[in-house]
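So the structure is just underneath, and the comments pick up after that.
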Amino acid sequence: IIVQSLSVYELDRKVEELKATLFPLGSRIRHLQISHSGLREIDEDAFVRLAATLESLGLISGQLQQVPEKSLAPLTQLNALDLEANQIREIPRYSFFGLSLIKLNLKGNKIGKISEEAFAGLETNLKDLDLSDNKIRIFPMTSLRRLENLLSLRLASNDVAHLPDDGYSRLNTLNFLDLSSNNFDIIPVNCFRCCPLLKTLSLYRNTVETVDKDAFISLIHLESIDLSNNKIVFLDIATFRANPKLKSIDLSHNHLHYIRGIFARLPELKELFLAENNILEIPADAFTGCTSLSVLYLQQNAIRRIDSRGLATLGQLAQLHLSDNYIENVPKDFLDNCENLSTLSLDGNKIRDLEAGTFSKAKQLRELRLQDNEITEVRRGVFAPLPTLLELHLQNNAITDMETGALKSLHNLQHINLQGNLLAVLGDVFQVSSDIGQAGSLVSIQLDSNGLGVLHNDSLRGQTSVRIMWLGHNRITRLQAPLFRDLLMVERLYLTNNSIFRIEDNAFQPMQALKFLELSMNRLSHITLKTFSELHDLEELYLQDNVLRKLDPYALTSLKRLRILDLANNHLSLLHKTIFQESLPIRTLNLRNCSVRIIEEGVFKGLNNLYELNLEKNHLTATALDRLDIPGLRILKISNNNFSEIDGTSLNGLPSLQKLTMEAVKINRLPSDTFSKNLNLGKIILSNNLLNTLPGSLFYGLEALREVKLDGNRFGEVPYEVFINSTTIEFLSLANNIIAHIDASRLGGLTSVRELDLSRNYIMTMSGFAITNFSRLISIDLSYNHLTKLPDNFFIHANQLRKINLAGNKFHQIPGFSLSGKNIPNLGWLNITGNPLVKINEFSGNIKYPSVEEIHISNTNLTIVTSQDFGVFPSLLHLYVTNNLISQVSDGAFQSLPNLLTLDLSGNRLELLPQDRFKGLEHLKLLNLTQNRVEVVENFPNDLKALEILDLSNNHISMIGQMTFNYLGNLLKLYLYGNWISTISQDSFNSLKKLQVLDISKNSLENLPLGTLKTLETQLQSLRTE
């Protein structure tokens, strides 16, 4: 039996060698993959027993340091080898000799050197080679030129800057070449003559600024080229003259200004991507002769002018995207030759008016986007005839008027969006015929966020296909019965945030299919028996934020499928027993802030599906709790009432309760049997009450209890007795009480606690850690107490503790031994902000914090950062030392932090920043120095070569020198606003090849340094200079 495929994923990391005995004698496998392993070595006989059958082998995401040549040698049947994501640095000569590989994947290694004979033996077989994501600096032509049948070569994400040309080396069979994410900045003349049969070429995300007009002159078979995400400003009209077979060109995200004639006479071109450039116009000859073009992307440019002949030869054009430009006028005959156009996007422009007939020749148009323009009216005939149009987007314009019958000709329109306009009146804009058999095609109508106060009774006439309708955020005051007479299929209706005070009886009667009704934020005061009488399929009803004072008895009786009912923020002082009828399937009921004082007995009787009930912020007393006889209820929210007289039977009617929220209900005591019938409780929130003690047996029997919040009460000490057997609690908060001392030995029952919040108390001392095991504790918050020190054995048995917050206490230095790796080996996050620190640590050579990755030391009394302060944090990634009194940073202060990614020194008193202060920060990504007093910025050192974000705003800098940022080649964002800068050297930004955001606003510049900014033209996405 042959095993067709065997995959081993997440092999034990302890296994570092693949031994010869792994596969028994007689093993027959065709395809083998071992991924995500710790494999470093492969025994030379590891695959011998598979040699007769193995056709493909994958050793992926391992730790291989080199190609396992001897192990592969016996695999004569192998045609595909995948060594992706290992640690291979070199491909020596004859690495694959004797194999018959067709496909070889070496992606994601660290390959920097490839021998000239690396692929010896694969000359006639290898067709597909992937060398992406390595460290290759020079195109390996000498290694590849012997591969006689190579079809596909991937070299993406390397450091290649050019293709070598020795005059004779060729890749004569290559038809796919991926050079994306490399370092090409120039594409010189006849650059690719070594690949004469190339069909697909990708140069995506390089730094190309210049393309020679004859760069692609040898690529006569080229079909697809990707030059997107570069810095190209100009292309010669002859750039693609030798590439008549081009089918796809991607030049998006460059800085092209003009496209006159560049794409002319490319008869096979089907897709052209020009989005996110700086194109200023569409001239008459932009696409001349592109008779096959079907997809054209021109969004997010700077187009203001469109020549009426610009699309004259594009008879096959199906998609045209012109969104987010500056177009004010669309010539009436612009689309006359686009008979196959199905999608047109003109949204995000400056269009104010549309001439009748503009779209008349585009009879195949299915989607038209005109949103986010400045259109003020829609006249009859503008969209005629457009028989196939399905979607019309007109939202967020300034439309005040739509002529009667403006959309009459759109017989197949399914979606119309008019939200965010200025319509005050909606007449009969659709003019659907009342003849038998005639019906509207619309499925959705969006009219929300207008100023609609009047809906004509014929506005929706004939719209029998509508499924969803938005009328929210208007000025509608009443709903009349004839308005919805034809909406027989509507399932969702939004009427939120109007001024509706009256709904005529049976106004919703035609809506037999309605499932969702949103009537919140209106002025309804009364719901009658006939208001919703015919809505038998309604599942969700939202009536919150009205002025409801009365629901008639049995007003909801016909809503046999109602699942969600929201009545919050009304004035229902009495819940009478006929308000919710038996057998209503309500699952979620919200009665928050309804001024409820009385709940009659039997109100919730028969609501067997009720899962969540919210009665917060009413005027209820403990007697109301006796009315809550709801056996199936899981979630109860009753905060902000007055339950000071709660007794042991108050919650007895809720045997299935899982989550209880009783915040700010004036409880000063809880009987020991309060939760005796609620044995499924998993979360209890009793915050902001008057409790100062709890009976020891309060949580007895609550075996599902996971979270308890007791913050904001009056506990003078931890109610230890109640936690003696609370072995299931994972999250416990006693924040904002008046606790002065913590005895950890009395919290031994909290064996499962993961997060403990003791913040904002008066804790001065802590003890009892020697014998208490907090083996699952991850986070402890002791912020804003009165601690001056911690015991030496602080949480000594909490081996999983990762996060400690000590902000706002009275420490004068980091409590070193207590938090050291000896005590808390996995501590990763520490906040010591808001303490009166005068130094960071005790400088003891025995104290280390080996796992700490993030520290916050802000708002302290620190005045200096010394060279010894952070040597005890070898794993630190993020350091925030903000808003202190620091005026001096010692030489080499951060040199011991080689892995640091974030350094925030903002809000201090630094005046000088000598470059040696940043020694050793070779991986730093973010440096924040805002709001200091820096006057002179020395040249930033080469150590900061990985820096991506630099904030120097709000200092006293007066000048930027020529070499200041010379080594910051990876910088993406530079903030210099709010300084005193009057001079910026001409070449200051020349080395910032990746800069995307520059802010030099609020300085003392008399003239904008245009020459200096010129070098950034092709890359900046955001520039602030005001």
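In terms of the working numbering, the sequence shown is residues 2 to 1027.
Note that the Cβ used here is the ideal one computed from N, Cα and C, for glycine as well.
ask   = Would you call K994 buried or exposed, if buried means 16 or more other Cβ atoms sit within 10 Å of its Cβ?
value = Taking the first residue of the sequence shown as position 1, residue 994 is located at position 993. K994 comes out buried.
query = Does DSSP put Y721 in a helix, in a strand, or in coil?
reply = In the sequence shown, the residue the question calls residue 721 occupies position 720. DSSP places Y721 in helix when its eight states are reduced to three.
CB-CB length for L901 against L922, believed under 8 Å = Translated into the one-based positions of the sequence shown, residue 901 becomes position 900. Translated into the one-based positions of the sequence shown, residue 922 becomes position 921. Indeed, because the Cβ distance is near 6 Å, the residues count as touching under 8 Å.
query = Below 9 Å between beta carbons: does that hold for L220 and C196?
reply = One-based indexing of the sequence shown puts residue 220 at position 219. One-based indexing of the sequence shown puts residue 196 at position 195. Cβ distance < 9 Å, so L220 and C196 count as in contact.
ask   = Just how far apart, CA to CA, sit Q659 and I631?
value = As a first step, residue 659 must be located in the sequence shown, where it is residue number 658. As a first step, residue 631 must be located in the sequence shown, where it is residue number 630. Distance between the alpha carbons of Q659 and I631 is about 13 Å.
Length at least 3, wholly inside the stretch 286-326: the beta strand (DSSP E) runs in chain order = 296-298, 320-322
message = Can you find the residues in the same chain that come closer than 8 Å, C-beta to C-beta, to V548, ignoring five residues on each side of it along the sequence?
response = Stepping through the sequence shown from its first residue, residue 548 is reached at position 547. R524, L525, S526, N571, H572, listed in sequence order.
ask   = Between which two residues does the alpha helix (DSSP H) harbouring K1015 extend?
value = Translated into the one-based positions of the sequence shown, residue 1015 becomes position 1014. Per DSSP, K1015 belongs to the alpha helix (DSSP H) from 1011-1015.
key: Contacts around G438, its chain only, beta-carbon distance under 6 Å, and the 5 residues preceding and following it disregarded   = By 1-based counting over the sequence shown, the position of residue 438 is 437. Annotation note: pLDDT 48 at G438 (below 50); position unreliable, no value reported.
inquiry  = Going by DSSP, what residue range makes up the alpha helix (DSSP H) through Q1027?
reply    = Start at 1 with the first residue of the sequence shown, and residue 1027 comes out as number 1026. Rather than Gln, the amino acid found at residue 1027 in this sequence is Glu. Annotation for E1027: no alpha helix (DSSP H) segment contains it, and DSSP assigns it neither H nor E.
ask   = Taking C-alpha atoms, which residue in R598, L634, T624, L621 lies nearest to G607?
value = Within the sequence shown, residue 607 is the residue found at index 606, counting from 1. Of R598, L634, T624, L621, the residue nearest in Cα terms is L634.
task = Identify which residue in S249, R94, L448 has its Cα closest to the Cα of L294.
result = Counting from one through the sequence shown, the residue named residue 294 turns up at place 293. Per the Cα distances, S249.
task = Pull up the distance between the alpha-carbon of T752 and that of I772, whole angstroms please.
result = In the sequence shown, the residue the question calls residue 752 occupies position 751. In the sequence shown, the residue the question calls residue 772 occupies position 771. In this structure, the straight-line span from the alpha carbon of T752 to that of I772 is close to 12 Å.
ask   = CA-CA distance, D506 and T532?
value = In the sequence shown, residue 506 corresponds to position 505, counting from 1. In the sequence shown, residue 532 corresponds to position 531, counting from 1. Roughly 5 Å between the two C-alpha positions.
ask   = Short check: CB of S96 to CB of G63, under 9 Å?
value = Numbered from its first residue, the sequence shown carries residue 96 at position 95. Numbered from its first residue, the sequence shown carries residue 63 at position 62. Their beta carbons are not under 9 Å apart, which means S96 does not touch G63 by this criterion.
query = In three-state terms, what does DSSP make of T143?
reply = As a position in the sequence shown, residue 143 is number 142, starting the count at 1. In the structure shown, T143 sits in a helix (DSSP, three-state: H, G or I).
key: Three-state class that DSSP yields for N418 in the structure shown   = The sequence position of residue 418 within the sequence shown is 417, counting from 1. Three-state result, N418: strand.
ask   = What's the C-alpha gap between M767 and H798?
value = The residue labelled residue 767 in the question sits at position 766 within the sequence shown. The residue labelled residue 798 in the question sits at position 797 within the sequence shown. Spanning the two alpha carbons is a distance of roughly 15 Å.
inquiry  = Quick check on this structure: which residue in K20, E601, F605 has the alpha carbon closest to the alpha carbon of N591?
reply    = Start at 1 with the first residue of the sequence shown, and residue 591 comes out as number 590. Minimum Cα distance to N591 is reached at F605.
message = In the DSSP assignment, the alpha helix (DSSP H) including F818 goes from what residue to what residue?
response = Residue 818 sits at position 817 when you count from the first residue of the sequence shown. Looking at the DSSP string, the run of the alpha helix (DSSP H) that includes F818 is 817-820.
ask   = Run through DSSP, which three-state label would E70 get?
value = Locating residue 70 in the sequence shown gives position 69, counting from the first residue. If DSSP states are grouped into helix, strand and coil, E70 belongs with the helices.
task = Confirm, please, whether the CB-CB distance from N126 to N80 is below 9 Å.
result = By 1-based counting over the sequence shown, the position of residue 80 is 79. By 1-based counting over the sequence shown, the position of residue 126 is 125. Yes, they are a contact pair.
ask   = Mind checking whether A21 and E42 have CB atoms under 9 Å apart?
value = Here residue 21 refers to the residue found at position 20 when the sequence shown is read from its first residue. Here residue 42 refers to the residue found at position 41 when the sequence shown is read from its first residue. Cβ atoms of A21 and E42: not closer than 9 Å.
T675 versus R628 - alpha carbon distance = On the sequence shown, position 674 is the one that residue 675 refers to. On the sequence shown, position 627 is the one that residue 628 refers to. Straight-line Cα distance between these residues: approximately 16 Å.
ask   = What residue ranges within the stretch 588-639 form continuous alpha helix (DSSP H) runs of no fewer than 4 residues, ordered along the chain?
value = 623-626
inquiry  = Quick check on DSSP: helix, strand or coil for V4?
reply    = Walking along the sequence shown from the start, residue 4 turns up at place 3. Strand.
request  = Give the secondary structure of E11 by DSSP, where H, G and I count as helix, E and B as strand, and everything else as coil.
outcome  = Here residue 11 corresponds to residue number 10 of the sequence shown, with the count starting at 1. Correct three-state label for E11: coil.
query = Who are the Cβ neighbours of D402 in its own chain at under 7 Å, not counting the five residues just before and after it?
reply = Indexing the sequence shown from 1 puts residue 402 at position 401. E378.
request  = Please name the residue in G358, L369, N341 whose C-alpha comes closest to that of D348.
outcome  = Taking the sequence shown and counting its residues from 1, one reaches residue 348 at position 347. Ranking G358, L369, N341 by Cα distance to D348 puts L369 first.
query = Mind pulling the alpha helix (DSSP H) runs of 4 or more residues that sit fully within the stretch 195-222?
reply = Taken in chain order, no unbroken stretch of alpha helix (DSSP H) lies wholly in the stretch 195-222 with a span of 4 residues or more.
query = With a Cβ-Cβ cutoff of 9 Å, do L419 and L387 count as a contact?
reply = In the sequence shown, residue 419 corresponds to position 418, counting from 1. In the sequence shown, residue 387 corresponds to position 386, counting from 1. A distance of 9 Å or more separates the beta carbons of L419 and L387.
ask   = Between N690 and D13, what straight-line distance do the alpha-carbon atoms span, to the nearest angstrom?
value = One-based indexing of the sequence shown puts residue 690 at position 689. One-based indexing of the sequence shown puts residue 13 at position 12. Approximately 52 Å, taken between the alpha carbons.
request  = Identify the continuous beta strand (DSSP E) that holds S153 and give its terminal residues.
outcome  = The count along the sequence shown starts at 1 and reaches residue 153 at position 152. Run containing S153: 153-155, per the beta strand (DSSP E) assignment.
message = Quick test of your reading: D213 and N184, contact by CB under 8 Å. State the CB separation rounded to the nearest angstrom.
response = Your numbering for residue 213 matches position 212 in the sequence shown. Your numbering for residue 184 matches position 183 in the sequence shown. No, D213 and N184 are not in contact; Cβ-Cβ is about 18 Å, not under 8 Å.
query = Can you name, in chain order, every residue of its own chain whose Cβ lies under 7 Å from the Cβ of T1021, other than the five neighbours on each side?
reply = Locating residue 1021 in the sequence shown gives position 1020, where the first residue counts as 1. Reading off the sequence shown, one finds Leu at residue 1021, where the question assumed Thr. Excluding sequence neighbours, L1021 sits near L996, Q997, L999.
Alpha carbon of R261 to alpha carbon of A239, nearest angstrom = As a position in the sequence shown, residue 261 is number 260, starting the count at 1. As a position in the sequence shown, residue 239 is number 238, starting the count at 1. Rounded to the nearest angstrom, the gap between the Cα atoms of R261 and A239 is 11 Å.
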